[in-house]
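Engineer:
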């Protein structure tokens, strides 16, 4: 078997990319938890205001704008998480290929599925008007 001279370097680089992707995934998940907590807190605040002034049209308009903004934040959060997971899977496949593991094809299939989800999330986010949030 003819092993390239830079094979060890390729393996180290693959592991480094995997480590970086796992760090990015952990950061995306932490950000997701923070955004979800903020959205829950703000949703509770909006619900309390709606209940205290049920017939005020300006409160209803503001609450509706908040709902649109909250949905956009949730979609962005999910899209970012899908991208981070796809990059992690891609790096795992690169590391597996560098190590000659047999599960590379399975990893690549997972990568393609995640990339399709990420692409769908990006299209959905791009279709939404960025100025629909609270001003």
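Residue numbers (the working numbering): 409 to 543. Where is the CB? At the ideal position from N, CA and C, for every residue including glycine.
#1: Compare the Cα-Cα distances from residue 519 to each of 497, 425, 464 and report the closest residue.
#2: Figure out for me which residue from 448, 492, 528 has the closest Cα to the Cα of residue 477.
#3: Mind checking residue 452: buried by the 16 CB within 10 Å criterion, or exposed?
#4: Taking only three categories from DSSP, how would you classify residue 461?
#5: With 16 other CB atoms within 10 Å as the buried threshold, where does residue 441 fall?
#6: So, residue 487 versus residue 526, is the Cβ gap smaller than 8 Å?
#7: Counting only the same chain and skipping the five closest in sequence on each side, list residues whose C-beta sits under 8 Å from that of residue 483.
#8: Contact defined as beta carbons within less than 8 Å: I believe residue 472 pairs with residue 458. What is the distance between those atoms, to the nearest angstrom?
#9: Nearest by alpha-carbon distance to residue 492: which of 424, 417, 434, 524 is it?
#10: Shortest alpha-carbon distance to residue 444 belongs to which of 517, 462, 479?
#11: Specify the secondary structure class of residue 441 as computed by DSSP and reduced to three states.
#12: Apart from the five residues on each side of it in sequence, which residues of its chain come closer than 7 Å, Cβ to Cβ, to residue 467?
Structural biologist: The answer reads as follows:
#1: For the purposes of this step, residue 519 is taken as the residue at position 111 of the chain shown. Put simply, of 497, 425, 464 the residue whose alpha carbon is nearest the alpha carbon of residue 519 is 497.
#2: For the purposes of this step, residue 477 is taken as residue 69 along the chain shown, with counting starting at 1. When 448, 492, 528 are compared, the shortest CA-CA separation from residue 477 is found for 448.
#3: The residue labelled residue 452 in the question sits at position 44 within the chain shown. The residue in question, residue 452, is exposed, as its Cβ has fewer than 16 Cβ neighbours within 10 Å.
#4: Sequence index remark: in the chain shown, residue 461 carries index 53 (1-based). In this structure, residue 461 counts as coil in the three-state DSSP scheme.
#5: Against the chain shown, residue 441 aligns to sequence position 33. Exposed.
#6: The count along the chain shown starts at 1 and reaches residue 487 at position 79. The count along the chain shown starts at 1 and reaches residue 526 at position 118. Going by beta carbons, residue 487 and residue 526 fall inside the 8 Å limit.
#7: Locating residue 483 in the chain shown gives position 75, where the first residue counts as 1. Around residue 483, the same chain offers 529, 532, 533, 536 as residues with beta carbons nearer than 8 Å, after the five sequence neighbours per side are excluded.
#8: Locating residue 472 in the chain shown gives position 64, where the first residue counts as 1. Locating residue 458 in the chain shown gives position 50, where the first residue counts as 1. At roughly 10 Å, the Cβ-Cβ gap does not stay under 8 Å, so residue 472 and residue 458 are not in contact.
#9: Here the question's residue 492 lines up with position 84 in the chain shown. With distances taken between Cα atoms, residue 492 lies closest to 434.
#10: Position 36 of the chain shown, counted from the start, is the residue given in the question as residue 444. For residue 444, the nearest C-alpha among the options comes from 479.
#11: Translated into the one-based positions of the chain shown, residue 441 becomes position 33. Helix.
#12: Position 59 of the chain shown, counted from the start, is the residue given in the question as residue 467. Cβ within range, chain order: 457, 458, 461.
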